[in-house]
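Reviewing the structure listed below.
Protein chains in written order, with the numbering used here: chain A, 21 to 224; chain B, 21 to 224; chain C, 21 to 224; chain D, 21 to 224.
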């Protein structure tokens, strides 16, 4: 028998690992008739590669964060199990808008595709925030030895994420390309080891 | 060498995590020709989103239950391995009826689709019940320190699940939409932290 | 740092769990035009359900065996890593012949499909045997505390598997249906808790 | 709470296991109309089988190496998390070029397909090298008890991999078949228990 938190953590890690690896099956092998111009065809689908990169970094960063805050959790209850399931449901959903965005960014469907992608990440980041607020409010599920400062810092660090994604989703209706660039930019920004910068953003 | 139950639990967790994450690959990216009306097209496939939500919650709740009762199990034998394999076989099957239901709920195939979905969940819940009955009858595989009350409570709590799913499956032949709504309702009911309500149902 | 055998075991469990769960994606949702006769269409693809059942039980039993013999292994070396990789390569291959068999058992391609399925399981069982022989010859990787009897019993118990699958694969060329029935029969036979019967077969 | 390295290791193992098992879904079941000549059709797609073998061995060997060097790591930092995510992103990408190479090796697209495959493995091996260099430079993340010799040996052993894959990728533009044969040869060479040979290569 493992501890309750260890099992929930392992199950969550499994879903993260599968969702991130499934991203590849949305990049489709060109049809046989492209044989003569395969090199050109493989370059033409560059939005698929960028989409793969963006979503891989995004889910990767979310895993790192999930993993980091989970270490502060001392026990789980039924509500926590539900909130964690909702969060995983959003994470596992990401391959779909990724494929939609890659397929339609160069078409008239770019607005709708970029908005879907942004809406998904906004909901994901709201789910993450709800998860954390439930766990941290009045230190409900937090380990005793974790100082209050750490808890407050995380709460502050989470707020900009939702705003950034929500903003990028709104921009999608005006400038879908800019919006797509922002998704990649946000992922890179959070992936890079720029702890000081992120802190500054959280404080502002 | 991990303990026998720990390994079976980890393997089962793996299958649950993969089955739940695979649900997304049944939501198909719209074809290229929908570029101009992509927004409309993405809304039109709402049954796919609801199907995803329903099955994600359903498998999620089953994982939570599996996980909970597994903590009461002290050892496994060959029969248990077989029953657990059958249960996992049903869980891993769920993405198929989910996709069928989402694709056909708005067509003449709604009855057959809703019945297939209900039949799958009914069988899953029978497999779960058989698993538990084998483990718990005369406390065959139950840890010594688990009180009889806990075992009896679980046995009682499991019965309504099979009846609910069986009933919703029968309703599928008359009112497929009602049946689909029931599947979602049951999943939400079990996912919400309504312990007292579930207990009341189990006692009735 | 986990022990070397624990990590190899966990990685192998992961591949088994994914291969077994991927079986479902080879059962295809009927096309939209079947809406009016969906019930009939869902029954018509029964070979897919039987294929799913057969391969799920087969991989499930192989996982149970892999898991069981791994407990006797005290250390791994480079050759063992290679043999285990080859075994996993065969296990992960099973979804392909399963789908081929389900699709072609009712057509002129039944012979080739049943032979492919049988060849895959025969090779899998040879890979398993090689794995075990390498580990057990002169007790190369066996834990000290495991008695010789246990090692010899396993060696004997493995031999009929290869012969059974090889035989069923040959029958495929004459009677593909009989061959398919044998694959299911073998899986059920090994899955059922019939320890005494299996032992009798191993001794003959 | 597991140790930081144990969780990163388990997450990485998950991605490796899923990527390696997903290789099978790129081997497509022949279409129904091939029923009469199914045996011939199943032989005709031999490049898919060879691609499966090559990529399975390649990812398998990379898992073994990842696993081996991870045992020398005592702690992880934010940069390490990013580098590991990039490495996993390359590993999870492998099923795509594998499918492209299998589909186009016998067509006019062979050059582009073989170059894509080689470019992917070259980038993967650069990602691996960067990962290791970051961890090992001035023993940044290395456990105290690991001798300097072991660290230096690994650094030397990694260099030829990148050169071999880069070379094979360049050959793709002239002789795609030779290049494909080299990918398989390199995988077999590293998979076989030829420790002395690999050491000799590393020293040259």
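All C-beta atoms, glycine included, are put in the ideal place defined by N, C-alpha and C. In this text, all values refer to a predicted model and were calculated from it rather than measured experimentally.
For a contact defined as C-beta to C-beta under 7 Å, what are the partners of residue i on chain B?
| i | result |
| --- | --- |
| residue 34/A | 33, 34, 37 |
State the start and end residues of the unbroken alpha helix (DSSP H) segment that holds residue i.
| i | result |
| --- | --- |
| residue 209/D | 196–211 |
| residue 170/B | 168–191 |
| residue 139/B | 130–156 |
| residue 33/C | 24–42 |
| residue 161/C | Note, residue 161/C: premise wrong, no alpha helix (DSSP H); not H, not E. |
| residue 64/C | 58–64 |
| residue 120/A | 115–124 |
Can you find a CB in chain C that lies within less than 8 Å of the CB of residue i?
| i | result |
| --- | --- |
| residue 138/D | no |
| residue 205/D | no |
| residue 113/D | no |
| residue 76/D | yes |
| residue 90/B | no |
| residue 209/B | no |
When the cut-off is 8 Å and only beta carbons count, does residue i lie next to chain A?
| i | result |
| --- | --- |
| residue 95/B | no |
| residue 55/B | yes |
| residue 49/D | no |
| residue 105/D | yes |
| residue 123/D | yes |
Against residue i, what residues of chain B qualify as contacts under a CB-to-CB distance less than 8 Å, listed in chain order?
| i | result |
| --- | --- |
| residue 67/A | Here the premise fails: no neighbours, minimum Cβ distance about 13 Å. |
| residue 27/A | 29, 33, 87 |
| residue 128/A | 55, 56, 58 |
Is it buried or exposed for residue i, if we count other Cβ within 10 angstroms and need 16 for buried?
| i | result |
| --- | --- |
| residue 147/D | buried |
| residue 60/D | exposed |
| residue 157/D | exposed |
| residue 133/A | buried |
| residue 115/C | buried |
| residue 38/D | buried |
| residue 64/A | exposed |
| residue 200/C | buried |
| residue 188/C | buried |
| residue 170/C | exposed |
| residue 168/A | exposed |
| residue 179/B | exposed |
| residue 211/C | buried |
| residue 164/C | exposed |
| residue 46/B | buried |
Using the beta-carbon of each residue, which ones in chain C are nearer than 8 Å to residue i?
| i | result |
| --- | --- |
| residue 82/B | Near residue 82/B there are no residues of chain C at all, since even the closest Cβ is about 14 Å away, more than 8 Å. |
Using only CA atoms, which one of the options lies nearest to residue i?
| i | options | result |
| --- | --- | --- |
| residue 105/A | 130/B, 74/B, 25/B, 52/B | 74/B |
| residue 135/C | 198/C, 100/C, 149/C | 198/C |
| residue 86/A | 128/A, 65/A, 36/A | 36/A |
| residue 93/C | 175/C, 169/C, 155/C | 155/C |
| residue 25/D | 60/A, 119/A, 88/A | 88/A |
| residue 137/B | 62/C, 183/C, 184/C, 51/C | 62/C |
| residue 101/A | 141/B, 31/B, 77/B | 77/B |
| residue 124/D | 66/D, 184/D, 165/D | 66/D |
| residue 128/A | 53/B, 30/B, 121/B | 53/B |
| residue 48/B | 40/B, 69/B, 38/B, 39/B | 69/B |
| residue 112/C | 32/D, 131/D, 43/D, 170/D | 43/D |
| residue 91/B | 27/A, 153/A, 109/A | 27/A |
| residue 160/D | 189/D, 40/D, 120/D, 98/D | 98/D |
| residue 30/D | 58/D, 79/D, 57/D, 83/D | 83/D |
| residue 108/C | 32/D, 41/D, 34/D, 193/D | 41/D |
So which residues on chain C does residue i lean against when the C-beta distance must stay under 9 Å?
| i | result |
| --- | --- |
| residue 8/B | Because chain B spans 21 through 224 in this model, residue 8/B falls outside it and cannot be assessed. |
So which residues of chain A does residue i contact, with C-beta pairs closer than 8 Å?
| i | result |
| --- | --- |
| residue 212/B | 102 |
For a contact defined as C-beta to C-beta under 7 Å, what are the partners of residue i on chain D?
| i | result |
| --- | --- |
| residue 132/C | 58, 59, 62 |
Could you tell me whether the Cβ of residue i comes closer than 8 Å to any Cβ of chain D?
| i | result |
| --- | --- |
| residue 119/C | yes |
Mind listing the chain D neighbours of residue i? Cutoff is C-beta to C-beta under 9 Å, in chain order.
| i | result |
| --- | --- |
| residue 300/C | Examination of residue 300/C is not possible in this model, given that chain C is present from 21 through 224 alone. |
For chain B, find out if any of its Cβ atoms is closer than 8 Å to the Cβ of residue i; answer yes or no.
| i | result |
| --- | --- |
| residue 52/C | yes |
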